[in-house]
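> Sequence lines, in order, name chains A and B. Just so we're aligned, residue 259 is where the first sequence starts under the working numbering, counting upward by one. Just so we're aligned, residue 73 is where the second sequence starts under the working numbering, counting upward by one. Glycine included, every Cβ here is placed at the ideal spot set by N, Cα and C. None of the values given here were measured: they were computed from a predicted structure.
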Amino acid sequence: GAGVSQSPSNKVTEKGKDVELRCDPISGHTALYWYRQSLGQGLEFLIYFQGNSAPDKSGLPSDRFSAERTGGSVSTLTIQRTQQEDSAVYLCASSLDLHPLFFGEGSRLTVL
Amino acid sequence: KQEVTQIPAALSVPEGENLVLNCSFTDSAIYNLQWFRQDPGKGLTSLLLIQSSQREQTSGRLNASLDKSSGRSTLYIAASQPGDSATYLCAVRGNYQLIWGAGTKLIIKP
Chain A
259 GAGVSQSPSN
269 KVTEKGKDVE
279 LRCDPISGHT
289 ALYWYRQSLG
299 QGLEFLIYFQ
309 GNSAPDKSGL
319 PSDRFSAERT
329 GGSVSTLTIQ
339 RTQQEDSAVY
349 LCASSLDLHP
359 LFFGEGSRLT
369 VL
Chain B
73 KQEVTQIPAA
83 LSVPEGENLV
93 LNCSFTDSAI
103 YNLQWFRQDP
113 GKGLTSLLLI
123 QSSQREQTSG
133 RLNASLDKSS
143 GRSTLYIAAS
153 QPGDSATYLC
163 AVRGNYQLIW
173 GAGTKLIIKP
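1. Where does P319 of chain A sit, in a helix, a strand or coil, going by DSSP?
2. Over the uninterrupted beta strand (DSSP E) stretch that includes P80 of chain B, give me the two end residues.
3. When you compare each of A:T368, A:L370, A:S365, A:P358 to S118 of chain B by their alpha carbons, which one comes out closest?
4. Can you confirm whether L356 of chain A, when its beta carbon is compared against all beta carbons of chain B, has any partner nearer than 8 Å?
5. Would the region 147 to 165 of chain B and the region 95 to 103 of chain B be scored as touching if the rule is three or more Cβ pairs under 8 Å?
6. Taking 7 Å as the cut-off, does the CB of G364 of chain A come closer than this to any heavy atom belonging to the ligand ADP?
7. For E363 of chain A, does the three-state DSSP call read helix, strand or coil?
8. Hey, would you say I100 of chain B sits closer than 8 Å to S125 of chain B, going by beta carbons?
9. What is the C-beta distance between W188 of chain B and A136 of chain B, in whole angstroms, given that I count them as a contact (C-beta under 8 Å)?
10. For A325 of chain A, which residues does DSSP report across the bridge?
11. Which chain B residues are close to L349 of chain A, counting only those with a beta carbon under 9 Å from its beta carbon?
12. Identify the contact partners of G175 of chain B in chain A, using a Cβ-Cβ distance below 8 Å as the criterion.
13. Which of helix, strand or coil does DSSP assign to E343 of chain A?
14. Mind listing which residues of the region 95 to 108 of chain B have their C-beta closer than 7 Å to chain A's C-betas, in chain order?
Set out below in structure tokens:
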């Protein structure tokens, strides 16, 4: 696609529910990142995918968080048993190896 | 461990002024440095990327410089406009991982 696409743009859920956030990177980009940004805060790294290599999951805050990338393209970030502290904007970015990083508009998650 | 600092945290200037935003980093072993802007409630927009072998990059009214030896990059904005108001972030790439500054919130007063 022309840019990084994320869905949904907004998600309101109840505490304890599971949510899935989707990222469709720029076509041909080998690297895909997930970040989290809480209100008024900086970017928090979550997970990184590069080609067929094992992902770097070092930023995932708990085992309730998981992500996969199918066919080296679309990625899904899953949060199980959501908590109020999970409320944030989840940003996806992609790049071709070490070339410029491009971001999607983000998915705003609100956990009630 | 790489650390990235952006000073000032906030800046307010009248429209039309030229201004400089600063980004400093502690480890000079980098692949590149990228500047972004973020508008409220939006994702990040890439502005400029400087490879480690480069000294500067220009795009329109923006000019970014890189001095690896001193661990500094600057983003120069010429003839600032109210539409330039945003938070500006720099990110340093050591390998695949990017280390982010906390950003400079820029307000251009009409």
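Let's see:
1. In the first sequence, counting from the first residue as 1, residue 319 of chain A sits at position 61. P319 of chain A falls in the coil class under three-state DSSP.
2. Along the second sequence, read from residue 1 onward, the residue named residue 80 of chain B stands at position 8. Counting along the chain, P80 of chain B falls outside any beta strand (DSSP E), and DSSP gives it neither H nor E.
3. Taking the first residue of the second sequence as position 1, residue 118 of chain B is located at position 46. It is A:P358 whose Cα lies nearest to the Cα of S118 of chain B.
4. Along the first sequence, read from residue 1 onward, the residue named residue 356 of chain A stands at position 98. It does: the Cβ of L356 of chain A has a partner Cβ on chain B nearer than 8 Å.
5. yes
6. As presented, the structure is devoid of all ligands, the ligand ADP included, so that no description of it is given.
7. Translated into positions along the first sequence, residue 363 of chain A becomes position 105. E363 of chain A: coil per DSSP, three-state reduction.
8. The residue labelled residue 100 of chain B in the question sits at position 28 within the second sequence. The residue labelled residue 125 of chain B in the question sits at position 53 within the second sequence. Rather than Ile, the amino acid found at residue 100 of chain B in this sequence is Ser. No; because the gap between Cβ atoms is not below 8 Å, this pair is not in contact.
9. The question about residue 188 of chain B has no answer here: the residues shown for chain B are numbered 73 through 182.
10. Residue numbering aside, residue 325 of chain A sits at position 67 when the first sequence is read from its first letter. For A325 of chain A, which the question treats as bridged, DSSP gives the partners A:L335.
11. Residue mapping note: residue 349 of chain A aligns to position 91 of the first sequence, counting from 1. Within 9 Å Cβ-Cβ: G115, L116.
12. Residue mapping note: residue 175 of chain B aligns to position 103 of the second sequence, counting from 1. Result: G300.
13. Within the first sequence, numbered from 1, the residue matching residue 343 of chain A stands at position 85. In the structure shown, E343 of chain A sits in a helix (DSSP, three-state: H, G or I).
14. Y103, N104, Q106
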